[in-house]
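If you read the protein sequences in the order shown, they are chains S and X.
So the first sequence is numbered by our numbering: it starts at 1 and just counts up by one.
So the second sequence is numbered by our numbering: it starts at 1001 and just counts up by one.
Down below is the structure, laid out as structure tokens.
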Amino acid sequence: MSREAILRRLGGVLDKRGARAARFARVAGRLDATGRTKLRPGDREGAAVLGRFVDRLRALEVEVSELPGRGALPAAISSYLGAAGLPKRLRRGTDARLDALAWGEAPTLRVDVGAARGEDSTGLSWASAAVAETGTLVVASAPASPTTLAFLPDTHLVVVDAANVVATYEEALALLAAPPMPRVLNFITGASRTADIGGRVVMGAHGPRRLTVFLLNEP
Amino acid sequence: MFRRKHSELHVDRDLSTPAAIVAEARGVLREKFLGAQVGITGANFLVAETGSAIVVTNEGNADLTMTLPDVHIVLATIDKVVPTLDDAFALLRLLARSATGQPFTAYTTLVTGAQRRGDADGPRHSHIVLLDAGRTELLNSDMRDVLRCIRCGACMNHCPVYCSIGGHAYASVYPGPIGAVLTPALAVAEPYGATHLAEASTFCGRCEEVCPVRIPLVSLLRQWREKAITAPRAWYSRALLRSWAQLASRPRAYRALASIVARALAHVGGRKRYLRYFPALSPWMKYRDLPAPSGRTFLQEFERRKQGWRR
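See the structure below:
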């Protein structure tokens, strides 16, 4: 009803400015992956991509911990929380890669599984990809990867595979599994912040105050 | 305002720093986020090829809004639709840099529908409400270039007028140069009601220079001024303009009247030299005092000083 009326009116106005067939062809060309613009300000290759990524993270005041493999995660997380004076509690998704880790090696760390709750202090996510261009982490939602882990806790820890660090957003999107789109795709660039009061940046506006990356250099 | 609105918190708490104010807002609003049943957000972009909405914040407030409640509603106008993800990311690159100078906004979220089978969180229902809200009309007009706007605010931040008078003076959700163009264009019911906003410009052109999507703001502002001149006017406005024209074309009469008015206002201004009330300016005077004239007109003052130089 009103949708048709709105679209008919819109179509009528557009028709005045150019033939319908030509317009449709232009849209089809745009949707065709081969006809797309390539805006690649961050193009870099190989080790330069990783270097750029870590530089951007540090500029965003994101702490970066490089680990030789995922097996080192429980101990690294436990000692990170201890050194930062944070509660030794962690909330994570049901991700099989995390399930397989020997959490028992970090006996002082309490690990809860599932979506985050208001009282959780630290959330752990595994990024699908990361973008060197701006130090951006790409976290896709899934049953094993609840979105709330990235927003409710005060501290957000993100695991990134060095092999999944790419130069640009477009490459990160290409790394994701084929359609459909994940329900939520979070492009995270630094922790939550606001400059709404007096123009001064304050961290932890509504989301996490702290963002920390564990970069896995697995062979 | 915080002390008045958050009366349940301790009266003598410290609110002297931005960090303390942010922490209090976070605490109070967190409860509201956790308790809400419906979350409403806008969208910075809507992507046709995937059906996704893209919402951008530095705080993460939109993410709590769209993740915690049972229902998520996106309200957005049709000009937010872009064809592909690639188009959206090209614009996202421009948005953060132009808005705050950040390389990328902290949270850029692509949301595509409601909770899926097995998901541990997310809303159970999701809706996108597409609004026309005057956009088709705008597309059909000579102002269509404004539909490219991505709401970065660069034009405001570089506008000398906006920086002096602030956003509230525009009496619209769209302040600054883009507001001066957009507000009258969207006021379908009263098309000439907000054209005066275009007068608040020096035409310095900085807005146009910094606009990442190259909206010709200066010529659009000029168009509004031209429209305002040819617009039908009320009888009192016509009468006022006519008598002004009469007076302005008679220098002797103008000087005589100006001299009387300047002296009268200086007298009213008193020792503080401020006017608290002025006929027809009461809405403006509600928050401001008007500096009173010195008692002499510009020409009288000029003559006086010229004599001083000769001496």
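For glycine and all other residues, C-beta sits at the position ideal for the given N, C-alpha and C.
Problem - Neighbour flag for residue 1052/X against chain S, beta carbons, 7 Å - result: Along the second sequence, one-based indexing puts residue 1052/X at 52. With 7 Å as the cut-off, residue 1052/X counts as an interface residue toward chain S.
Problem - Per-residue burial, residue 120/S [other beta carbons within 10 Å of its own, 16 or more giving buried] - result: In the first sequence, residue 120/S corresponds to position 120, counting from 1. Label assigned to residue 120/S: buried.
Handout entry: Residues of the region 1145-1175 of chain X whose Cβ lies closer than 8 Å to any Cβ of chain S, in chain order
Key = none
Handout entry: Short Cβ contact (7 Å threshold) for residue 193/S with residue 1061/X
Key = Here residue 193/S refers to the residue found at position 193 when the first sequence is read from its first residue. Here residue 1061/X refers to the residue found at position 61 when the second sequence is read from its first residue. Taking 7 Å as the Cβ cut-off, residue 193/S and residue 1061/X do not qualify as a contacting pair.
Problem - Per-residue burial, residue 170/S [other beta carbons within 10 Å of its own, 16 or more giving buried] - result: For the purposes of this step, residue 170/S is taken as the residue at position 170 of the first sequence. So residue 170/S counts as buried.
Exercise for the section: Compute the Euclidean distance between the alpha carbons of residue 222/S and residue 18/S, then round it to the nearest angstrom. Expected result: Examination of residue 222/S is not possible in this model, given that chain S is present from 1 through 219 alone.
Problem - Residues near residue 137/S in its chain [Cβ-Cβ closer than 6 Å; skip 5 each side] - result: The count along the first sequence starts at 1 and reaches residue 137/S at position 137. Cβ neighbours of residue 137/S beyond the five flanking positions: 127, 130, 158 and 188.
Practice task
Following the continuous alpha helix (DSSP H) through residue 1208/X, name the residue where it begins and the one where it ends.
Solution key: Here residue 1208/X refers to the residue found at position 208 when the second sequence is read from its first residue. Taken as a continuous stretch (DSSP letters only), the alpha helix (DSSP H) holding residue 1208/X covers 1206-1210.
Practice task
State the DSSP-derived secondary structure class of residue 1079/X, mapped to helix, strand or coil.
Solution key: Counted from its first residue, the second sequence places residue 1079/X at position 79. Three-state result, residue 1079/X: helix.
Exercise for the section: Using a Cβ-Cβ cut-off of less than 9 Å, give me the residues of the region 1103-1122 of chain X that come near chain S, in sequence order. Expected result: 1103, 1104, 1105, 1106, 1107, 1108, 1109, 1110, 1111, 1112, 1113, 1114, 1115, 1116, 1117, 1118, 1119, 1120, 1121 and 1122
Problem - Secondary structure of residue 71/S, DSSP reduced to three states - result: As a first step, residue 71/S is located in the first sequence; it is residue number 71 there, counting from the start. Residue state, collapsed to three classes: helix.
Problem - CB contact check: residue 67/S to chain X, cutoff 7 Å - result: As a working mapping, residue 67/S is identified with position 67 in the first sequence. With 7 Å as the cut-off, residue 67/S does not count as an interface residue toward chain X.
Exercise for the section: Determine the burial state of residue 1155/X: buried for a count of at least 16 other Cβ atoms within 10 Å of its Cβ, exposed for fewer. Expected result: As a working note, residue 1155/X is residue 155 in the second sequence. That one is buried.
Problem - Through-space distance from residue 1042/X to residue 1026/X, alpha-carbon basis - result: Mapped onto the second sequence, residue 1026/X falls at position 26. Mapped onto the second sequence, residue 1042/X falls at position 42. Their Cα atoms are separated by approximately 21 Å.
Problem - Host beta strand (DSSP E) of residue 214/S (start-end) - result: What you label residue 214/S is simply residue 214 of the first sequence in a count that begins at 1. Residue 214/S -> beta strand (DSSP E) spans 210-216.
Problem - Test: residue 202/S CB closer than 7 Å to a CB of chain X - result: Indexing the first sequence from 1 puts residue 202/S at position 202. For residue 202/S, the answer is yes, since a Cβ of chain X falls inside 7 Å of its Cβ.
Handout entry: C-beta contact flag for residue 1121/X and residue 87/S at 7 Å
Key = Sequence index remark: in the second sequence, residue 1121/X carries index 121 (1-based). Sequence index remark: in the first sequence, residue 87/S carries index 87 (1-based). No, they are not a contact pair.
Practice task
Could you tell me whether the Cβ of residue 115/S comes closer than 7 Å to any Cβ of chain X?
Solution key: Walking along the first sequence from the start, residue 115/S turns up at place 115. It does; some Cβ of chain X falls within 7 Å.
Handout entry: Residue nearest to residue 214/S in terms of C-alpha spacing, selected from 11/S, 23/S, 12/S and 68/S
Key = By 1-based counting over the first sequence, the position of residue 214/S is 214. Per the Cα distances, 68/S.
Practice task
Classify residue 186/S as helix, strand or coil using the three-state DSSP reduction.
Solution key: As a first step, residue 186/S must be located in the first sequence, where it is residue number 186. It is a strand residue.
Exercise for the section: Could you say which of 6/S, 183/S, 195/S and 124/S lies nearest to residue 94/S if we only look at CA atoms? Expected result: Here the question's residue 94/S lines up with position 94 in the first sequence. The residue with the shortest Cα to Cα distance from residue 94/S is 124/S.
Exercise for the section: Using 10 angstroms around the beta-carbon of residue 212/S, count the other beta-carbons present and answer buried if the total reaches 16, otherwise exposed. Expected result: In the first sequence, the residue the question calls residue 212/S occupies position 212. When all chains shown are included, residue 212/S counts as buried.
Practice task
Could you name the residues of the region 99-127 of chain S whose beta carbon sits closer than 8 Å to any beta carbon of chain X, in the order they occur along the chain?
Solution key: 114, 115, 116 and 118
Problem - Cross-strand partners of residue 90/S (DSSP beta bridge) - result: Your numbering for residue 90/S matches position 90 in the first sequence. Looking at the DSSP assignment, residue 90/S forms a beta bridge with 111/S.
Exercise for the section: Report the neighbours of residue 1019/X on chain S: residues whose CB is nearer than 7 Å to its CB, in chain order. Expected result: Here residue 1019/X is taken as the residue at index 19 of the second sequence, counted from 1. Near residue 1019/X (Cβ distances below 7 Å), the residues of chain S are 202.
Problem - 3 or more residues per run - each beta strand (DSSP E) lying fully within the region 1062-1114 of chain X - result: 1071-1077 and 1107-1111
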